[in-house]
Amino acid sequence: MNSVHTPAQAITETTSSPCEIEFVPGTRVTAGTRVTRGTRVTRGTRVTAGTRVTMGTRVTAGTRVTRGTRVTRGTRVTMGTRVTAGTRVTCGTRVTRGTRVTRGTRVTMGTRVTCQSDYTLAA
């Protein structure tokens with residue numbers, strides 16, 4: 072996989088220091104995505120159009136974070152996780168290996184969503 076992180080494509084939000092965002096070869100971060108200060112986006116990750124990945128977030132190998140998703144400060148989204156359209160994963164949440172968090176779901180502060188869980192359409 073090629074690394075795609077030109078300033079025009081990958082970073083649409085101004086940061087005080089470009090070195091505070093860490094991109095690893097093999098990452099795809101596409102047009103219209105916001106990846107903000109203190110974020111790590113690591114090998115094999117796809118972060119696609121319209122996504123916000125904000126301060127202090129780790130998005131790790133094999134994760135898909137797709138259009139319209141918000142993954143916010145202090146969240147960890149780990150290997151093999153799918154976080155899909157319209158989902159909010161907020162402050163201090165851990166979403167771990169093999170989990171699917173799907174459209175319209177909110178996973179909020181301090182929650183752990185663990186291996187092989189399937190969370191869909193929260194009320």
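Everything in the sequence shown is counted per this note's numbering, starting at 72 for the first residue and increasing by one. Idealized CB from N, CA, C, for every residue including glycine. The structure presented is a predicted model; accordingly, all values stated were derived computationally and were not measured.
- Annotation for R153: R135, R171 place their beta carbon closer than 6 Å to its own, counting only its chain and skipping 5 residues before and after.
- As a beta-bridge residue in DSSP terms, V118 pairs with V100, V136.
- Beta-bridge analysis with DSSP links R183 to R165.
- Within its own chain, the residues whose Cβ lies closer than 6 Å to the Cβ of T101, once the five positions on either side in sequence are excluded, are T119, A120, listed in chain order.
- Comparing alpha carbon positions, the residue from R108, G157, E93 closest to T131 is E93.
- Nearest in C-alpha terms to G97, of all of G109, R117, T104, is R117.
- Our two residues, T107 and G169, have alpha carbons roughly 25 Å apart in a direct line.
- Scanning G175, V160, R177 for the CA closest to the CA of T149 turns up V160.
- Leaving aside the five residues that flank M126 on each side, the residues in its chain whose CB is nearer than 6 Å to its CB run, in chain order, T107, R108, G109, R144.
- Between V124 and R105 the beta-carbon gap is near 7 Å, inside 8 Å, which marks them as a contact.
- Cβ-Cβ distances below 7 Å link G151 to G133, R168, G169 in the same chain, with the five nearest sequence neighbours on each side left out; the list follows chain order.
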